[in-house]
Amino acid sequence: MIILLPGPPKEMHAMFESFVLPLLKDKYSTIISKSKTLHVFGFGESKVNEIINPVIETERKLESGSVSFTILAHLNGISIKTTITGEDELIIDELLHSIKAEFYKLLGNSIYGEDSQTLESVVGGLLIRHKKTLSLAESCTGGLLANKITNIPGSSLFFQGGIVSYSNHSKIEILKVNPGTIEKHGAVSEETALEMANGANKLTGSDFAAALSGIAGPSGGTPEKPVGTVSFAVTGLKKPKTETMHFSGTRVEIKERSANHLLNMLRIELNK
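For the record, in the sequence shown the residue sitting at position 156 is 156 according to this note's numbering, with numbers rising by one throughout.
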């Protein structure tokens, strides 16, 4: 059987659900297919493939059916999808659970979520669980991080607010960053990011504050701080956490990677 569908998702989804799915269920009524997707942050696609390859290469014999794996790279990490088809639902469920456990054993805390979960929804869930609040200070991402957070239903329970301090003037005037810090270390530095986070915390009274400042490009880089250099800070912990990363890609991609990296920093710290 060969089925051809249009490319646009809205058209394809409607046709699949209305016509293709009933046809497949009628023709293959004894076949069951289940999937589990795990989301990973902190490793590239080839590294994830290398780590999980022993699981993928393990021969699993089913009386009827198959096991397949898909690795997908995107700006917010890597997704590993396991799909099992067969006739015995109990065997499928047990095998899916076993493979999932093997992936967690190999990748550990690098797995940030499953199926429809996102970095922001995981961070939001942790803040709600711990009954803590968050504020943000963004420079190069221009409010992208706050947008991600407020896309989560119920974010008003934990999100106090965000400040987009794009210029040095706003960093100094609004967030009270010491001019000497910018002069000595630069606007893109862990020292400046830390003072930005402290400023956001003082303005909102949140339990945690996170900040980032970077060079999204395509211009503005220097030999010491090339395009893609981004500094991060998280406060409200026993000890403030700062990092500097170097991302590649277009301006939009660097902004997206920066926002996701800070979300992952928050996730890791909130899990401790």
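Beta carbons are placed, not taken as given, at the ideal position from N, Cα and C, and that holds for glycine.
Pairwise C-alpha distance: residue j and residue i
{"i": "MET265", "j": "PHE232", "result": "9 Å"}
{"i": "PRO218", "j": "ASN260", "result": "20 Å"}
{"i": "GLU176", "j": "ASP115", "result": "Here residue 176 is Lys; the residue named in the question, Glu, does not match the sequence. One C-alpha to the other measures close to 41 Å."}
{"i": "GLN284", "j": "PRO54", "result": "No information on residue 284 is available, as it lies outside the stretch 1 to 272 that the chain covers here."}
{"i": "ASN49", "j": "GLU173", "result": "47 Å"}
{"i": "LEU23", "j": "GLU63", "result": "24 Å"}
{"i": "GLY42", "j": "LYS27", "result": "42 Å"}
{"i": "VAL122", "j": "LEU107", "result": "17 Å"}
{"i": "HIS97", "j": "LYS36", "result": "9 Å"}
{"i": "ALA200", "j": "GLU102", "result": "41 Å"}
{"i": "ARG267", "j": "ILE3", "result": "42 Å"}
{"i": "THR250", "j": "GLY65", "result": "42 Å"}
{"i": "GLY113", "j": "ALA211", "result": "23 Å"}
{"i": "SER170", "j": "LEU126", "result": "31 Å"}
{"i": "ASN76", "j": "LYS272", "result": "21 Å"}
{"i": "VAL252", "j": "VAL234", "result": "23 Å"}
Cβ neighbour criterion (16 or more within 10 Å) applied to residue i
{"i": "ILE80", "result": "buried"}
{"i": "THR58", "result": "exposed"}
{"i": "LYS148", "result": "buried"}
{"i": "GLY124", "result": "buried"}
{"i": "GLU183", "result": "exposed"}
CA nearest to the CA of residue i, picked from the options
{"i": "VAL315", "options": "LEU262, LEU96, GLY199 and LEU203", "result": "Shown here, the chain extends from 1 to 272; a query on residue 315 therefore has no answer."}
{"i": "ASP207", "options": "VAL188, GLU224, PRO240 and SER219", "result": "PRO240"}
{"i": "GLU269", "options": "GLU173, GLY143, ILE172 and SER110", "result": "SER110"}
{"i": "ASN168", "options": "LYS132, GLU195, ALA14 and ILE254", "result": "GLU195"}
{"i": "LEU136", "options": "SER213, VAL252, TYR112 and ILE31", "result": "SER213"}
{"i": "LEU134", "options": "SER155, ALA209, MET12 and VAL40", "result": "ALA209"}
{"i": "HIS246", "options": "PRO223, HIS39, LEU127 and LEU237", "result": "PRO223"}
{"i": "ILE163", "options": "THR204, LYS10 and PRO226", "result": "THR204"}
{"i": "SER156", "options": "ASN178, THR82 and LYS132", "result": "LYS132"}
Assigned secondary structure, residue i (DSSP; H/G/I helix, E/B strand, else coil)
{"i": "THR181", "result": "helix"}
{"i": "GLY214", "result": "strand"}
{"i": "MET15", "result": "helix"}
{"i": "ILE3", "result": "coil"}
{"i": "LEU175", "result": "coil"}
{"i": "GLY125", "result": "helix"}
{"i": "SER29", "result": "coil"}
{"i": "SER116", "result": "coil"}
{"i": "ALA187", "result": "coil"}
{"i": "SER231", "result": "strand"}
{"i": "GLY199", "result": "helix"}
Neighbour flag for residue i against chain D, beta carbons, 8 Å
{"i": "GLY7", "result": "The structure shown contains no chain D, having only a single protein chain."}
So, do the segment 241-259 and the segment 140-149 have three or more beta carbon pairs nearer to each other than 8 Å?
yes
Taking contact to mean at least 3 C-beta pairs separated by less than 8 Å, is the segment 82-91 in contact with the segment 11-20?
no
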